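First to last, the protein sequences are chains L and Y. For our numbering, count along the first sequence from 1 and bump the result up by 1. For our numbering, count along the second sequence from 1 and bump the result up by 1. As structure tokens, the structure follows; a few thoughts come after it.
There are 2 protein chains.
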Amino acid sequence: MELLKQRILTEGSVRPGGVLKVDSFLNHQIDPILMDQIAEEFCRRFRDVRIDRILTMESSGISVAYAVARQLGVPMVVARKRPSVNLDGEAHTAEVASAPGEPTGTVIVSKKYLSEGEHVLLVDDILANGFSMQALISLADAAGASVEGIGIVIEKAFQEGGHRLRNLGFRLESLTVIESMDETTGQIRFRNEN
Amino acid sequence: MELLKQRILTEGSVRPGGVLKVDSFLNHQIDPILMDQIAEEFCRRFRDVRIDRILTMESSGISVAYAVARQLGVPMVVARKRPSVNLDGEAHTAEVASAPGEPTGTVIVSKKYLSEGEHVLLVDDILANGFSMQALISLADAAGASVEGIGIVIEKAFQEGGHRLRNLGFRLESLTVIESMDETTGQIRFRNEN
Chain L
2 MELLKQRILT EGSVRPGGVL KVDSFLNHQI DPILMDQIAE EFCRRFRDVR IDRILTMESS
62 GISVAYAVAR QLGVPMVVAR KRPSVNLDGE AHTAEVASAP GEPTGTVIVS KKYLSEGEHV
122 LLVDDILANG FSMQALISLA DAAGASVEGI GIVIEKAFQE GGHRLRNLGF RLESLTVIES
182 MDETTGQIRF RNEN
Chain Y
2 MELLKQRILT EGSVRPGGVL KVDSFLNHQI DPILMDQIAE EFCRRFRDVR IDRILTMESS
62 GISVAYAVAR QLGVPMVVAR KRPSVNLDGE AHTAEVASAP GEPTGTVIVS KKYLSEGEHV
122 LLVDDILANG FSMQALISLA DAAGASVEGI GIVIEKAFQE GGHRLRNLGF RLESLTVIES
182 MDETTGQIRF RNEN
């Protein structure tokens with residue numbers, strides 16, 4: 002998605018530890034015009050599959066997941082990182098793995114909002130090691146829902162999440178794929194698309 | 002907003018401690034069609050004021066804030082509950098007060114996304130004691146931005162947030178105001194509107 006690449010090159014910055022900062026339009030500040038264009042592109046890429054529900058992870062995936070749900074006219078569900086006073090006891094749960102030294106956590110979705118036989122699209126802003134996405138897949142598995150696809154705005158191909166998800170046979174659509182980033186020069190190199 | 006009242010009466014449930022569970026359409030699962038109608042109503046109510054930016058709190062306010070930002074065509078900014086590796090050191094900060102026995106916390110907004118002289122609309126899903134909203138106001142104050150209004154989907158009038166914000170002179174527009182809820186019978190009583 003050329004427009005998105007341009008925004009990343011213009012506004013993104015490379016930080017130590019493989020961190021890409023794109024908080025001017027994607028997760029801290031949200032540009033709703035770009036978000037609509039991102040949602041349109043996801044709808045185009047997944048137009049051949051049935052989608053009953055969008056599932057995302059609290060909290061940086063919410064805006065993009067909502068934008069996609071809005072265009073498809075289906076409900077969106079937010080997996081929560083910890084039990085909330087507002088949530089039923091009746092919930093699917095999954096553990097989120099983490100990088101060494103970081104705490105693991107539990108994510109939950111009420112059983113009322115993710116059911117057996119449903120066709121779900123998983124959506125998130127950034128794919129790095131894929132720990133969040135693995136947890137969303139576990140939640141869908143626990144519910145007996147089928148994952149029709151995974152939509153990612155920015156995939157960092159130098160981390161292993163994308164590779165692993167494709168190897169597991171998931172249909173992963175990343176609107177931009179970053180092959181490498183250079184902390185020293187700030188250079189960002191994208192994967193060539195056909 | 003009659004449509005919203007009906008959804009609350011049909012799908013909401015009253016839990017101990019003054020908790021209203023509306024997670025089938027507002028915060029755990031999101032109904033994008035209702036969300037668009039909510040956003041339209043906010044736009045109608047605030048059509049006489051200049052709004053440069055929407056500010057909300059991570060994470061249950063994100064969907065409604067995004068929906069409003071999208072209709073107004075302005076950026077939306079999410080105040081984060083803790084410093085993130087993706088956030089600049091240059092941030093406005095505010096403390097969030099809490100109910101007795103609950104931990105307080107810090108919220109932050111990058112200085113790049115909330116600036117002096119800007120006109121902001123604060124948006125959130127539910128107003129109870131108003132601690133989150135007070136923190137958003139502090140962030141706007143720290144930035145030198147002016148709060149043009151506060152948009153709330155559901156105000157719980159039996160908690161003090163709404164009363165306090167109106168006393169402070171803020172223009173608070175709540176799409177529904179709940180006067181009382183009965184834990185035993187599950188009855189929800191709305192404030193009469195003119």
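The C-beta atom is built at its ideal place from N, Cα and C for all residues, glycine as well. Because the structure is a prediction, the values reported are computed rather than measured.
query: Residue range of the unbroken alpha helix (DSSP H) whose run includes Thr11/Y; result: 3-12
query: Asn195/Y versus Arg167/Y - alpha carbon distance; result: Caution is warranted here: a pLDDT of 49 is assigned to Asn195/Y, below 50, making its placement in the model unreliable, and the coordinate value is therefore given only provisionally. When rounded, the distance between both Cα atoms is 18 Å.
query: Reduced DSSP category for Lys113/L - H, G, I as helix; E, B as strand; rest coil; result: helix
query: Straight-line Cα distance separating Ala141/L from Ala68/Y; result: 26 Å
query: Residue nearest to Arg83/L in terms of C-alpha spacing, selected from Val108/L, Val124/L, Leu73/L, Glu96/L; result: Val108/L
query: CB contact below 8 Å: Val124/Y versus chain L; result: no
query: As assigned by DSSP and simplified to three states, the class of Ala80/L; result: strand
query: Exposure label - Gln7/L; buried when at least 16 CB within 10 Å; result: exposed
query: Closest residue to Ala66/L among Glu96/L, Ile189/L, Leu169/L, Asn28/L (Cα-Cα distance); result: Asn28/L
query: 8 Å CB neighbourhood of Ser99/L in its chain, flanking five on each side removed; result: Thr105, Gly106, Phe132
query: Counted within 10 angstroms of its Cβ, other Cβ atoms place Arg45/L as buried (16 or more) or exposed; result: exposed
query: Continuous beta strand (DSSP E) stretch holding Glu41/Y: start and end; result: From DSSP, Glu41/Y is part of no beta strand (DSSP E) but of the alpha helix (DSSP H) over 33-46.
query: Backbone CA spacing between Phe47/L and Glu41/L [nearest angstrom]; result: 10 Å
query: Spatial neighbours of Met134/Y in its chain, beta-carbon cut-off 7 Å, leaving aside the 5 residues before and after; result: Leu123, Asp125, Leu128, Ile151, Gly162, Leu166
query: CB of Gln30/Y within 8 Å of CB of Val78/L, strictly; result: yes
query: Residues that Ile179/Y contacts on chain L, provided the C-beta gap is smaller than 8 Å; result: Neighbours of Ile179/Y on chain L: none; closest Cβ ~15 Å, over 8 Å.
query: Among Ala144/L, Arg71/L, Met182/L, Leu137/L, nearest to Phe171/L - alpha-carbon criterion; result: Leu137/L
query: Bridge-paired residues (DSSP) for Ala129/Y; result: Ala129/Y is not bridged to any residue.
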